[in-house]
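S.K.: So that we are looking at the same thing, I have put the structure below in structure tokens.
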Amino acid sequence: AAEAARADEAAGRVAVVTDQIPPLPDLLARWAVLSATYVGIGSGWGPRIYPGYAWFESDARSGSTLYLLPGDRAVLSGGKWNSELLEAAYNGGGPLPDLYGGAPAWVNDSVLNTRNRNGLLSFCYWWDNGQWYRGSTDTSGELDAPVPAIWTPDATVAAMTGQTGASTTQACQALLEVATEGTATVDDVAAVFDERPDAQVYAAANQLSLAGLLT
Numbered sequence: 105a106a107e108a109a110r111a112d113e114a115a116g117r118v119a120v121v122t123d124q125i126p127p128l129p130d131l132l133a134r135w136a137v138l139s140a141t142y143v144g145i146g147s148g149w150g151p152r153i154y155p156g157y158a159w160f161e162s163d164a165r166s167g168s169t170l171y172l173l174p175g176d177r178a179v180l181s182g183g184k185w186n187s188e189l190l191e192a193a194y195n196g197g198g199p200l201p202d203l204y205g206g207a208p209a210w211v212n213d214s215v216l217n218t219r220n221r222n223g224l225l226s227f228c229y230w231w232d233n234g235q236w237y238r239g240s241t242d243t244s245g246e247l248d249a250p251v252p253a254i255w256t257p258d259a260t261v262a263a264m265t266g267q268t269g270a271s272t273t274q275a276c277q278a279l280l281e282v283a284t285e286g287t288a289t290v291d292d293v294a295a296v297f298d299e300r301p302d303a304q305v306y307a308a309a310n311q312l313s314l315a316g317l318l319t
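Structure representation (structure tokens):
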């Protein structure tokens, strides 16, 4: 990665700034509250927050990871199982997508989704200086299946209530708001599970704690 970064710099290749991904604070908050709802109901599906990264695998062999790095940096990468870009490269004789053009040296194997190990990574974005970047290939068409419902607040709340019940819409909205501000409490989490007395509230709240959003 360091050699590639030096080669890019020498050749004048620069990364593409993109607004296709929500800003990192919004992305992380949406991922975390959605993870909390799945964990709270005891589901084996859905996204998860782990120390230092967020994870998601769909039920259709697509998935992604969001690695959080010091200095307000992050890397979002993953793969779509039926990626048109990879299909064109591997079976159509086309070039591999340029996922890393202009990437800094810290965008490397240690922070990439494991699909990178077998050539199945179909998108990579990195957050630096308050904005998202990507390589020269437009990979926006790769994102819907491998990334959880984080594109808008409404999409996130709809996915949350799909697990916790329609009557919890306001509680889900409230949890997302305070999580985005980094001030969520266990009580905010508990309110989301009013219809689920068997919910694992503290396990759900731990998802927000791991994301640094729980007070």
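The numbering used here numbers the first residue of the sequence shown as 105 and each following residue consecutively. Beta carbons are placed, not taken as given, at the ideal position from N, Cα and C, and that holds for glycine.
1) According to the neighbour-count rule (16 or more other Cβ atoms, all chains shown, within 10 Å of its Cβ), is residue 200 buried or exposed?
2) Residues in its own chain within less than 6 Å of residue 286 by CB, not counting five upstream and five downstream?
3) What are the residues that DSSP puts in a beta bridge with residue 177?
4) Three-state secondary structure (DSSP) at residue 187?
5) Express the C-alpha separation of residue 198 and residue 283 in angstroms, rounding to a whole number.
6) To the nearest angstrom, how far is it from the Cα of residue 169 to the Cα of residue 175?
7) Let me know the alpha helix (DSSP H) ranges lying completely inside the stretch 188-254, each 4 residues or longer, listed in chain order.
8) So what does DSSP say about residue 317, is it helix, strand or coil?
9) Per DSSP, residue 168 forms a beta bridge with which residues?
M.R.: To lay it out plainly:
1) Here residue 200 refers to the residue found at position 96 of the sequence shown. By the neighbour-count rule (16 or more Cβ atoms within 10 Å), residue 200 is not buried but exposed.
2) Counting from one through the sequence shown, the residue named residue 286 turns up at place 182. Within the same chain, residue 286 has close Cβ partners 317.
3) Taking the sequence shown and counting its residues from 1, one reaches residue 177 at position 73. Residue 177 is bridged to 173.
4) For the purposes of this step, residue 187 is identified with residue 83 of the sequence shown, where counting begins at 1. In this structure, residue 187 counts as coil in the three-state DSSP scheme.
5) Position 179 of the sequence shown, counted from the start, is the residue given in the question as residue 283. Position 94 of the sequence shown, counted from the start, is the residue given in the question as residue 198. Residue 283 and residue 198: Cα-Cα distance of roughly 43 Å.
6) Taking the first residue of the sequence shown as 1, we reach residue 169 at position 65. Taking the first residue of the sequence shown as 1, we reach residue 175 at position 71. Answer to the nearest angstrom: the Cα atoms are 18 Å apart.
7) 188-194
8) As a first step, residue 317 must be located in the sequence shown, where it is residue number 213. In the structure shown, residue 317 sits in coil (DSSP, three-state: anything other than H, G, I, E or B).
9) Taking the sequence shown and counting its residues from 1, the one referred to as residue 168 is at position 64. Partner(s): 160, 182.
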